[in-house]
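Take a look at the structure set out below.
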């Protein structure tokens with residue numbers, strides 16, 4: 324890389340960030356993020372050496388790569404620097420229409436810690452707070468006759484900033500309706516206490532997730548599907564409930580035998596499953612990660 328290109332690249336990046344910081348457009352913490360990206364200088368130098376035999380064409384290609392990299396570095400550093408993005412909490416407070424008997428809850432969250440339980444007060448369908456870095460989450464609730472659909476979704480794009488902890492979502496649901504819960508999660512820590520809720524369907528699609536889900540003696544059967552790309556899953560279930568797990572992939576790490584399950588092919592059933600008044604059936608896909616079932620009294 325020629326000295327003109329090297330110093331030109333450095334001056335463009337440094338000057339642009341200094342100007343933005345002086346105008347209050349970005350946080351001065353952007354320099355910490357930028358410092359961690361210094362190996363890009365070595366990458367660009369190597370690219371210029373590879374393209375040098377091409378002569379003028381190589382110089383043009385190198386210049387274009389440098390300019391695009393400079394723009395990308397500035398955008399990345401500005402967006403991920405603490406203080407460079409908006410942070411806050413969105414208050415969740417949805418009323419419960421008296422006629423509503425069944426509720427579908429859909430949660431789509433990127434990188435966050437999510438705590439969910441059934442402690443919303445009388446007259447409220449859902450309460451809580453949804454933390455965010457960047458654009459605030461989206462909340463939508465539709466009611467039709469005796470059914471309601473509640474959607475909670477992270478805004479598109481990055482949801483955490485360098486140097487800042489993951490946002491925290493705290494969600495309280497009303498224990499009166501019967502629920503279908505559908506969760507699509509990225510890199511999350513999920514702590515769901517559903518012991519006070521009546522859940523007839525539970526779906527979880529998680530990419531890299533640590534999840535603990537507690538179920539109660541809800542008085543009705545439950546069907547669920549769980550797709551875990553990587554991470555850990557713990558299901559805590561009352562001992563008086565029958566549990567069936569249908570594995571659509573090899574469960575690499577599990578405690579099902581230790582928990583008293585009997586296996587027949589890809590099907591695992593708890594002791595006395597057929598005789599239980601209430602049964603939970605889970606279709607489970609978890610190739611990478613651990614799966615545990617723990618009994619509660």
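Numbering (my numbering), first residue to last: 324 to 620.
Even for Gly, the Cβ is constructed at its ideal location relative to N, Cα and C.
Since we're looking at a predicted model, the values are computed, not measured.
Contact belief for residue i with residue j at Cβ below 8 Å, rounded distance in angstroms
| i | j | result |
| --- | --- | --- |
| residue 416 | residue 450 | 5 Å |
| residue 542 | residue 601 | 7 Å |
| residue 413 | residue 470 | About 24 Å; that fails the 8 Å criterion. |
| residue 479 | residue 460 | Residue 479 to residue 460, Cβ: 11 Å. No contact. |
| residue 428 | residue 496 | 7 Å |
| residue 579 | residue 568 | 7 Å |
Beta-bridge pairing of residue i - partner residues as DSSP gives them
| i | result |
| --- | --- |
| residue 544 | Paired residues: none, contrary to the question. |
| residue 538 | 517 |
| residue 561 | 619 |
| residue 525 | 504 and 547 |
| residue 432 | 508 |
| residue 611 | DSSP output for residue 611 lists no bridge partner at all. |
| residue 426 | 471 and 502 |
Nearest to residue i (by Cα), restricted to the options the options
| i | options | result |
| --- | --- | --- |
| residue 519 | 476, 611 and 444 | 444 |
| residue 532 | 523, 581, 513 and 574 | 513 |
| residue 619 | 488, 577, 571 and 558 | 558 |
| residue 553 | 467, 592 and 614 | 614 |
| residue 431 | 474, 465, 420 and 410 | 474 |
| residue 457 | 521, 410 and 515 | 410 |
| residue 468 | 419, 494, 564 and 488 | 419 |
Outcome for residue i when other beta-carbon atoms lying within 10 angstroms are tallied against a minimum of 16
| i | result |
| --- | --- |
| residue 560 | buried |
| residue 440 | buried |
| residue 612 | buried |
| residue 534 | buried |
| residue 500 | buried |
| residue 483 | Note that residue 483 scores a pLDDT of 48, beneath 50, so its modelled location is shaky; the value from the coordinates is reported in the next line. So residue 483 counts as buried. |
| residue 566 | buried |
| residue 454 | buried |
| residue 572 | exposed |
| residue 592 | buried |
### Task
Tell me, please, whether the stretch 580-590 touches the stretch 523-537 by the rule of three or more beta-carbon pairs shorter than 8 Å.
Not touching, per the Cβ criterion.
_Contact the stretch 548-555 vs the stretch 598-612: 3+ CB pairs below 8 Å_ = Touching, yes.
Quiz item: How do the stretch 507-522 and the stretch 430-438 stand: do at least 3 beta-carbon pairs fall below 8 Å, yes or no?
Solution: Taking a cut-off of 8 Å for Cβ pairs, the stretch 507-522 and the stretch 430-438 touch, as three or more such pairs fall below it.
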